[in-house]
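Residue numbers (my numbering), protein chains in the order written: chain D, 176 to 1124; chain V, 42 to 554. Every residue, glycine too, gets a C-beta built ideally from N, C-alpha and C. One structure is given here, and the rest of the page talks about it.
This is the structure in structure tokens:
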């Protein structure tokens, strides 16, 4: 018989042909022919070949059995984006990972980055607090900088977003409807990212949205997800009786200041959140014109009263192929209107600290019906100025809302040049425009308003980002060594503009702040060449030149080269036909990238800033406004990062087990950090400048296993683990090994920092006294290890100790299908990370509640009963607590009913299901490692319904 | 286009001075540097970023290092190493000592930039008219005065600070370290050089420095010369305090008026030689007088009496200052006839058992944001006072003159006695407590300085001059123990902050740290 490919009709050599259940088999020859003997009736012949659907044919005495094999879309060598082009997964030489919609996290996902939390080695996504629509923090390989941004560059359908986000928005990514995302491609190492040059040091995430399909029938889909959520836990504070008891038993207190109520303030501020996400989608392909339209409405309340998020988004994707497919036009446009109501975040801290013996309401007081701590002033009742504020009044009496309109639109034209086969020209023009308007209001009678007029603020911001990319791509095959060549070269120009305006009150005055305008631009040239020699050896090199307006003309242009190689070992003769190993590739790369998010637009220029508000000085009878020369560094430039990466990709047993292992070493030089400048040398005490070096290294392992693979039952487990280490290796112009810069401000006393930057340590390292304990294991108040042995405890005895970032973290993803049922879940874990429990340290000592500035008491963290501390012990490592955790992020079960006219699917998802941790506080996952005023994440149950017509 | 410059209200150096008014605005920034913490009053666009903006304000820090380290003040808060100041166990990592140093050097750097931008050649190149150029010459003299004032603070506190002038560039270079003797000479030469260029005593606009301010600073420099250079300059103290005394300043009739919201117009302005001005509407900060008044109010004190909206419950004094007013330590301070003893004792204990408790230690009610009629200052919210800080005043010149006489600097002993008695007659409303020449001893003068000038940011310098700051002198909680203990003499100088030692390899730490 003969075996050919269905699509092309070409013969397929090397196909395994075996008699099922025996060792009797053969393979097809170069022309796809095969011969097999000793076959009996009722035997089944199995035809299998990598990348094709396996076929089974019962033998019924035929002398010839010709077979056409279909490509298996599941194992088809996938196309992955690499920036200004694409390659195949097989041919990628950098650390690149694509995560497609099939494996996204389930649930009522509002923030797009949550779709891929836990899915990729080396990518850590820390959800923000529990506020509706809240964004998280994305770190690829832990970030590379200190003061500059550590956020990856995000490119949506070819438009790099402004890394500074959009003012007033809860999450800059929220304008991208998660429902419309086709896939994320994560570029991790410099070999992959350096085509993005000065913005690529923290990795790049390419987001592709869904498009219509050519020649496809009209389809309409309606998708609904409704959710409810509740907080799982509250901060442990004293209840009213415990509080009374403690105040009564503390010498020097005045119990007459206590009230008669029993109020659980945390119960009062939290409520059940509800949310609904609607998606209406229409797609169709009419000949060479195809489109996808989506309307999304998302509305969600928070678990804190008055918190609300709403998104109305309209996505358009239009494609038109012209001139016999030689010109492809793509228009994608993501338009959204976000509405936010923000609850007063101060209520979280107030609810923890407010005296539980006081009532919520008191109509006799002049604070709009609420109880507040008060005093008499000139015969009238007024608020005590520094007292804790009634949390419910904070929520009910402050209005804080905004609207953001945003459009991310891109028109892409791809033209196959007729006179040279393989050459195409691409022009991509895009813009990202966002406009936010917001207002805040606190009435004059609110106790939180200490002025004599209503307090308000009206603000508006515009962020605009314009892009024009043009590039040429040429693909050809060279005669010698069967070398495929893929060359790209182009130019890019992007301009970022932002402006903001604030008009509002400052105490008893109404004032307009001067409009703030910032503009910066980036011009770039880039080129890349990739060679695939004999389908075995891959060589790729790229270079980008970036010129930025943020940098002085003297070092305006930066050059970012990269080179990488790959060896597709599975295509070598000696592995041909291996039944165990079907894929094995070694990769290695080197690249240089930059970090351009240096925080200021004119950092190299000496500027003068006029004064605002009450910052005038009296000369005679006049008050003169002042001008201030700003500190500057003429030589300010981007950080540069060099990166080595080595990796191996493998697939075993017909890719039933596949995976990659990557190891990297990175060095960030010319680190941008706000550091103390030699006193007197510049025009401030600290300067944003290029100083120091960090080194990071890590190992990432990603595995995927198909435990079951059949028509009715499929079961895939994905697992990834990442080990990483980041260390500051140089921090100052001097060489003092003891030099450090305090970091990590904490609550409870001004200017208190709990972390430090120091050479030899991770940038999130804590800086604490080592607590001394008695034989019973109780901390002895004020007793610390006298590290320097000078018989007194001063801050010279503080030690760098533990850190907020994990030593390693992992993700486990399960997806299972049985007939029309599907079941999935995601676990995430983090290990070696510590948290400073600021809720305990700030309110967990007697004086915190009793030694207040005026006549009131404030509640204690229950930890006071354990520690027995009387005075503050902010810097004790007693409060530094291990925060290793394993979380079951989501569990989802779904059922699909295919119908004749309507396909129907129902799903039930629970998110934030389970957290296993020893940490005492609300949640062990707090970005930065300081737990204070944390907006609790809720556990949510989501019902999803999907109709496709 | 990659050549972009600001499009909002920020200016480049080239465009900022197109308007000649900019020179006076820049000069105002140098003065405001002592009063305000940034470009957005009261807070929001800080000058310094190493510490909370309110804490980083010049007068707040200067007041803290000059008062909290002594018998005159304690603070009850939990902000970083704030309590180490009174305990006298600070290290080179202390953020308040560090930020004081940063603030002083910031002020110097700003002054240097002013001098660079007002060089005759630069100004002429911008086509500034002759009248403005003449004004700029006076501004330059004032800028040099302000720089000398800050350098004097640097000399007094740190001894061997880095040294930069307008000859240096702006960048990240490593300034050279100077030493006390050289810095003394530099400050002296600067003040002598500008003496003729400054406005005559009393002739400048209110708030701006004149010749008398420079003389007063010279006198301060000479008064402490022994500590700075090893040589006594008491005769120069006589020379310059005489100039001050004879230049038309007069004591205000009521001591309390010096510390009220209207002290720029209630008569106190005739005694105050150089104020740091504050205003409830125009000159707002969370440091300076806002700090000194709010932080001193707590316990059962009624904020209304201080013209503020609430106390911050931090500052009190120790029994050592109280005892300076008492004949017997058991006497009641409330019965003392000396009107300078402005303390609040209701609900407060004289002795401190726990520094964190506001009611431990008598409160000081000297500074208020009310005028002579008891009306609150101009800020209707009661946050920011109008009260100006009397940096230099005539009474201090009297006491300095008397001390220089006793230290053998010449002058007239009878004049010295008369000056002291002028102060005491004001304090006691009659001459019943006048002194005679036999009372005029160094010990008496140190105590009298405390009685007259407590909480005016002179105490640390005074105690050091009298050898009473570190290895001499004991007061409650000095050295971190309730009864107090002496500390080592190296603490007469503050440490060079470790943060600056870490970046500037030209610097050497002061001995002992």
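The alpha helix (DSSP H) runs of length 4 or more contained entirely in the region 503–537 of chain D are, from start to end of the chain, 521–528. With a cut-off of 8 Å on Cβ pairs, the region 470–488 of chain V is not in contact with the region 421–434 of chain V, counting fewer than three such pairs. Taking a Cβ-Cβ cut-off of 7 Å, the neighbours of residue 57(V) in chain D comprise 783, 802, given in sequence order. When the beta-carbon positions are compared, residue 47(V) and residue 1031(D) stay at least 8 Å from each other. In this structure, residue 370(D) sits away from residue 671(D), with a CB-CB distance that is not shorter than 8 Å.
When secondary structure is reduced to three states using DSSP, residue 251(V) falls in the coil class, being assigned neither helix nor strand.
Residues of chain D whose Cβ lies closer than 9 Å to the Cβ of residue 110(V) do not exist; the shortest such Cβ separation is about 15 Å. Contact of residue 530(D) with chain V is not assigned, every C-beta pair being separated by 8 Å or more. Taking C-alpha positions only, residue 164(V) is separated from residue 211(V) by approximately 19 Å. At least 8 Å separates the CB of residue 721(D) from every CB of chain V. Put simply, the backbone Cα of residue 686(D) is about 9 Å away from that of residue 677(D). At the C-beta level, residue 948(D) and residue 977(D) stay beyond 8 Å of one another. For the pair residue 792(D) and residue 157(V), the Cα-to-Cα distance works out to about 22 Å. Taking a Cβ-Cβ threshold of 8 Å, none of the residues of chain V is close to residue 492(D); the smallest such distance is about 32 Å. With respect to the 8 Å criterion, residue 504(D) and residue 588(D) are classified as neighbours on the basis of their beta carbons. Taking C-alpha positions only, residue 297(D) is separated from residue 878(D) by approximately 13 Å. Taking the Cα positions, residue 1025(D) is about 13 Å away from residue 1044(D). Considering only 855(D), 769(D), 1057(D), the residue with the shortest C-alpha distance to residue 208(V) is 855(D). Here residue 459(V) carries a helix assignment [DSSP, helix/strand/coil]. The shortest C-alpha to C-alpha distance from residue 779(D) to any of 799(D), 409(D), 731(D) is the one to 731(D). Boundaries of the beta strand (DSSP E) harbouring residue 769(D): 756–770, taken from the DSSP string. For residue 457(D), the enclosing beta strand (DSSP E) begins and ends at 448–461. When DSSP states are grouped into helix, strand and coil, residue 440(D) belongs to the helix group. If you look at residue 902(D), you'll find it in the beta strand (DSSP E) that goes 888–905. Inclusion of residue 846(D) and residue 806(D) in the CB contact set at 8 Å is not warranted, their separation being larger than that value. By the Cβ rule, the region 347–366 of chain D does not count as touching the region 518–532 of chain D, because fewer than three pairs are nearer than 8 Å.
Bridge pairing for residue 268(D): absent [DSSP]. Judged by pairs of C-beta atoms under 8 Å, the region 334–341 of chain V does not touch the region 440–454 of chain V, as fewer than three such pairs exist. Excluding sequence positions up to five before and after residue 311(V), its CB lies within less than 7 Å of the CB of 290, 291, 293, all in the same chain and listed in chain order.
Under DSSP, residue 485(D) forms a beta bridge with 474(D), 514(D). Rounded to whole angstroms, residue 988(D) and residue 1001(D) show a C-alpha spacing of 5 Å. Counting along the chain, the unbroken alpha helix (DSSP H) around residue 1018(D) starts and ends at 1013–1018. For residue 666(D), the pairing in a beta bridge is given by DSSP as 645(D), 700(D).
The beta carbon of residue 211(V) falls within 8 Å of a beta carbon belonging to chain D, placing the residue at that interface. The criterion of a C-beta distance shorter than 8 Å is not satisfied by residue 329(V) and residue 188(V).
Between the alpha carbons of residue 933(D) and residue 467(V) lies a distance of about 57 Å.
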